[in-house]
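10 is the number of the first residue of the sequence shown in the numbering used here; add one for each residue after it.
Just so it is clear, CB atoms sit at the ideal spot from N, CA and C, and this is done for glycine as well.
All figures in this text were calculated on a predicted structure; none of them were measured in a lab.
Accompanying notes for the structure given below.
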Amino acid sequence: FVPWCGFLLQSEGLQVRADYARLSVGGLLGAVNASTERVPGRQLLAKMPTWMRERLKGILLDSTINTRATVCLNIYQAALLVALKARVYLMTLRRSGAAVRAQLVQQLAASAARFAHAVAGR
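Dropping the structure here:
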C-alpha cells in the first residue's frame with residue numbers, strides 16, 4: 010500500500026483504504042470532549058453519525074474502485090474507530106460523575122445499526 014492524503018492505495022488494483030497508522034491512543038483521547046449536561050450522552054448520540062460520516066469518505070465506499078470486501082473493511086474500520094471514541098466518551102462521562110445508563114448504551118447501538126443499514130443500502 011502507498012500512503013496518500015490520509016488514504017492507503019493498493020499498488021496493484023488501486024483500491025483505497027483509510028490510513029489509521031497516524032492515529033494514536035493519545036490523539037483519540039484528546040479528540041473526544043464529553044459534555045456533562047442534564048441528559049448525559051445526548052451529545053454523544055448526535056456526534057456518532059457525524060464521526061462516521063467524517064470517516065467514510067465517498068472514495069472508501071466506491072464499489073467501482075474497491076471490491077466488496079474492501080468496502081466492508083472500510084466500513085468496519087470506521088465503525089471500530091467510532092466505537093472506540095464512544096467508549097472514551099462514556100469513560101469521560103463516568104469520571105465526571107454522570108450516570109451512564111444501560112438505555113443510553115442501547116440507544117447508541119441502535120443509532121449505529123441504523124447508520125450501518127443506511128450505508129449498506131447505498
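Between the region 50-65 and the region 83-97, the count of Cβ pairs shorter than 8 Å is three or higher; the stretches touch. Residue state for alanine 27 is assigned as strand, using DSSP reduced to three classes. Within its own chain, the residues whose Cβ lies closer than 7 Å to the Cβ of aspartate 28, once the five positions on either side in sequence are excluded, are Pro12, Gly15, Phe16 and Leu17, listed in chain order. Boundaries of the alpha helix (DSSP H) harbouring leucine 93: 77-104, taken from the DSSP string. DSSP, reduced to helix, strand and coil, places phenylalanine 16 within a strand of the structure shown.
Per DSSP, threonine 59 is one residue of the alpha helix (DSSP H) stretching across 51-64.
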